[in-house]
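Engineer: Sharing a structure below in C-alpha cells format, with a few things to ask.
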Amino acid sequence: MRIAAKKTVFNMDKNNLPVAKVSLPARLAFETRDCFEGQLKSAGDTLETLNFDRVNPATGPVYLEGVQPGDVIAVHIESIQVTGPGVMVAAPGAGVLGEQVTQSQTLMVPIEDGVALFKGLALPLNPMIGVIGVAPAGDPVPCGTPGSHGGNMDTTLIRPGSTLYLPVQVDGALLAMGDLHAAMGDGEIMVSGVEVAGTVEITVTLAKGWQLNNPLVVTGDVVATIASAHTLDEAVDTATREMAMLLQQKTGLTLNEAGMLMSACGNAEICQVVDPLKTARFSMPRNIVEKLGLTDL
Ligand code: CA
Ligand code: CA
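In my numbering, the protein residues as written are 5 to 301.
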C-alpha cells in the first residue's frame, strides 16, 4: 500500500486520525516531503522566509491492526528512494556553529548519478530517515523532537537494510515518518543533512518476545540502542543502560559481564546534537551478540 505525501502530521499524537489501517505483516511505501515541506526551492529561499509551522512533516500515521501498548514493532527498511535536489541551510543560532554564523544561507545540492553534488564536490549518498516513530501515550510530541517513541532521531543507521524496533505506546501504534536525508554525518551539526523528499519502502512486523523502553536499530553489522535526552551525557547513559539490560535479558550475561563486554567491544556514539533533545546510541557488533544467542533480529 502506498501512503501519499499529502497526508502529513506535524506532531506524533495519539489523537491523530490514521490515514490507513493495515494488518501485519504489512509492506508499505511512504511518500515523504522534505523537512521544509518543499518551501526552500532555491538559494534565495532562506530560513527567514520559512513558515516554521510547516517544518518536519511526517507522512501518516498508519494504524497497525491488533498492535497494543507494550508490543514492539519491527520496521524493516527495504529501500529509500530520494528525490533531488537536496537542500541544506546555515543560519545564525542554528546548530553547533550557529553562534559564529552571521548570515543565513541556503545551498541547493543536486543529486545525480548516485552522488550529492556539494558545490560540485561529489559526496557519496547514505540515504536515511530522520523522523520515524509511533504516537506517544502522553502529550503530543512535535515531529522535530525525538524520544522513546522515535521521532526526530536523525540516526544515520536508520537506512536501507536496517530494522528499527519501536516500542508501541497506543493501540495501533500510529506509525509515521519523514525528514529523509540523502546524506548526513553523525551529529548533523548544522541542523540539516542533505534534505530531500522521497519514498521509503518498509515491511512492518510484530516483534514477538521483545520488550523495549526505547528504539533499537539493527544493521548488517551492529545492534544499537537509541536514546534521547536534554544532554548528550544523559542520552549516552540511557542508551548504555538499555544495551546492558538487553544483553542481560537476551543472553543471560550478568550486569557485570554485559558491562565489561560492552566496554571491550561496544561503542557509545552520537546520533545528533542539534534537535530539542540530543540523541545517542550504544552499538554492539552484531556477530558478537549473535554468538551470545541474541539471534531473533
Ligand atoms: Ca531531523
Ligand atoms: Ca532533516
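No residue lacks a Cβ here, since even glycine has one placed at the ideal position from N, Cα and C.
On a predicted model such as this, the values are computed, not experimentally measured, just so you know.
Mind reading off the beta-carbon distance from P65 to V23? Whole number of angstroms is fine, and I expect it under 8 Å.
Structural biologist: Start at 1 with the first residue of the sequence shown, and residue 65 comes out as number 61. Start at 1 with the first residue of the sequence shown, and residue 23 comes out as number 19. The pair is a contact, with the Cβ atoms about 7 Å apart (cut-off 8 Å).
Engineer: Along the beta strand (DSSP E) that carries I77, what are the first and last residues, could you check?
Structural biologist: Against the sequence shown, residue 77 aligns to sequence position 73. Looking at the DSSP string, the run of the beta strand (DSSP E) that includes I77 is 76 to 94.
Engineer: Taking three-plus beta-carbon pairs below 8 Å as touching, is the segment 213 to 226 in contact with the segment 82 to 99?
Structural biologist: At 8 Å Cβ cutoff, the stretches do not touch.
Engineer: Measuring only from the beta carbon, is G134 closer than 6 Å to any heavy atom that is part of ligand 2?
Structural biologist: Your numbering for residue 134 matches position 130 in the sequence shown. Under cutoff, so the answer is yes.
Engineer: Exposed or buried, which one is L21 when buried takes at least 16 other CB atoms within 10 Å?
Structural biologist: Residue 21 sits at position 17 when you count from the first residue of the sequence shown. Exposed, since its Cβ has fewer than 16 Cβ neighbours within 10 Å.
Engineer: Between which two residues does the beta strand (DSSP E) carrying I193 extend?
Structural biologist: Residue 193 sits at position 189 when you count from the first residue of the sequence shown. Taken as a continuous stretch (DSSP letters only), I193 belongs to no beta strand (DSSP E), as it is neither H nor E.
Engineer: Quick check on E116: buried or exposed, where buried means 16 or more other Cβ atoms within 10 Å of its Cβ?
Structural biologist: What you label residue 116 is simply residue 112 of the sequence shown in a count that begins at 1. That one is exposed.
Engineer: Assuming L170 and G154 are in contact, meaning their beta carbons sit under 8 Å apart, how far apart are those beta carbons, in whole angstroms?
Structural biologist: In the sequence shown, residue 170 corresponds to position 166, counting from 1. In the sequence shown, residue 154 corresponds to position 150, counting from 1. So it is a contact: roughly 5 Å between Cβ atoms.
Engineer: I'd like the list of long-range same chain contacts for P89, defined as Cβ closer than 7 Å, with 5 residues on each side in sequence excluded.
Structural biologist: Here residue 89 refers to the residue found at position 85 of the sequence shown. Once the five neighbours on either side are set aside, the close Cβ partners of P89 are M112, V113, P114, I115.
Engineer: Quick check: is any heavy atom of ligand 2 less than 6 Å from the C-beta of E199?
Structural biologist: As a working mapping, residue 199 is identified with position 195 in the sequence shown. Under cutoff, so the answer is yes.
Engineer: Run through the DSSP bridge pairs and tell me what K25 is partnered with.
Structural biologist: Translated into the one-based positions of the sequence shown, residue 25 becomes position 21. DSSP, once it has assigned bridges, lists Y67 as partnering K25.
Engineer: Let's test the definition: count the other Cβ atoms within 10 Å of the Cβ of E199 and tell me whether it reaches 16, buried, or not, exposed.
Structural biologist: Numbered from its first residue, the sequence shown carries residue 199 at position 195. Flag for E199 reads buried.
Engineer: Tell me which residues share the same chain as A120 and place their Cβ nearer than 7 Å to its Cβ, disregarding the 5 neighbours each side in the sequence.
Structural biologist: As a working note, residue 120 is residue 116 in the sequence shown. The residues are G90, V113, L127, L129, A186, A187, V198.
Engineer: Do you know whose CA, among L168, M132, C39, lies nearest T207's CA?
Structural biologist: Counting from one through the sequence shown, the residue named residue 207 turns up at place 203. Closest by alpha carbon: L168.
Engineer: Output the distance between the C-alpha atoms of R163 and P131, rounded to the nearest integer angstrom.
Structural biologist: Here residue 163 is taken as the residue at index 159 of the sequence shown, counted from 1. Here residue 131 is taken as the residue at index 127 of the sequence shown, counted from 1. Approximately 6 Å, taken between the alpha carbons.
Engineer: Could you check whether F34 and M181 sit closer than 7 Å to each other, using their CB atoms as the reference points?
Structural biologist: On the sequence shown, residue 181 is found 177 positions in, with the first residue counted as 1. On the sequence shown, residue 34 is found 30 positions in, with the first residue counted as 1. Against a cut-off of 7 Å, the Cβ pair of F34 and M181 comes out as a contact.
Engineer: Less than 7 Å between the C-beta atoms of T159 and S232, yes or no?
Structural biologist: Position 155 of the sequence shown holds residue 159. Position 228 of the sequence shown holds residue 232. For T159 and S232, no; Cβs fall outside 7 Å.
Engineer: Got a sec: does ligand 1 put a non-hydrogen atom nearer than 6 Å to the Cβ of N15?
Structural biologist: For the purposes of this step, residue 15 is taken as residue 11 along the sequence shown, with counting starting at 1. No, ligand 1 has no heavy atom inside 6 Å of this Cβ.
Engineer: Assuming R190 and C275 are in contact, meaning their beta carbons sit under 8 Å apart, how far apart are those beta carbons, in whole angstroms?
Structural biologist: In the sequence shown, the residue the question calls residue 190 occupies position 186. In the sequence shown, the residue the question calls residue 275 occupies position 271. The residue asked about is misnamed: residue 190 is Asp in this sequence, not Arg. Correct: roughly 7 Å between the Cβ atoms.
Engineer: What's the C-alpha gap between T209 and G124?
Structural biologist: Working through the sequence shown from its first residue, we reach residue 209 at position 205. Working through the sequence shown from its first residue, we reach residue 124 at position 120. Answer to the nearest angstrom: the Cα atoms are 41 Å apart.
Engineer: For S196, which residues in the same chain have their Cβ closer than 6 Å to its Cβ, ignoring the five residues on either side in sequence?
Structural biologist: Residue mapping note: residue 196 aligns to position 192 of the sequence shown, counting from 1. Excluding positions up to five away in sequence, the list reads M92, V93.
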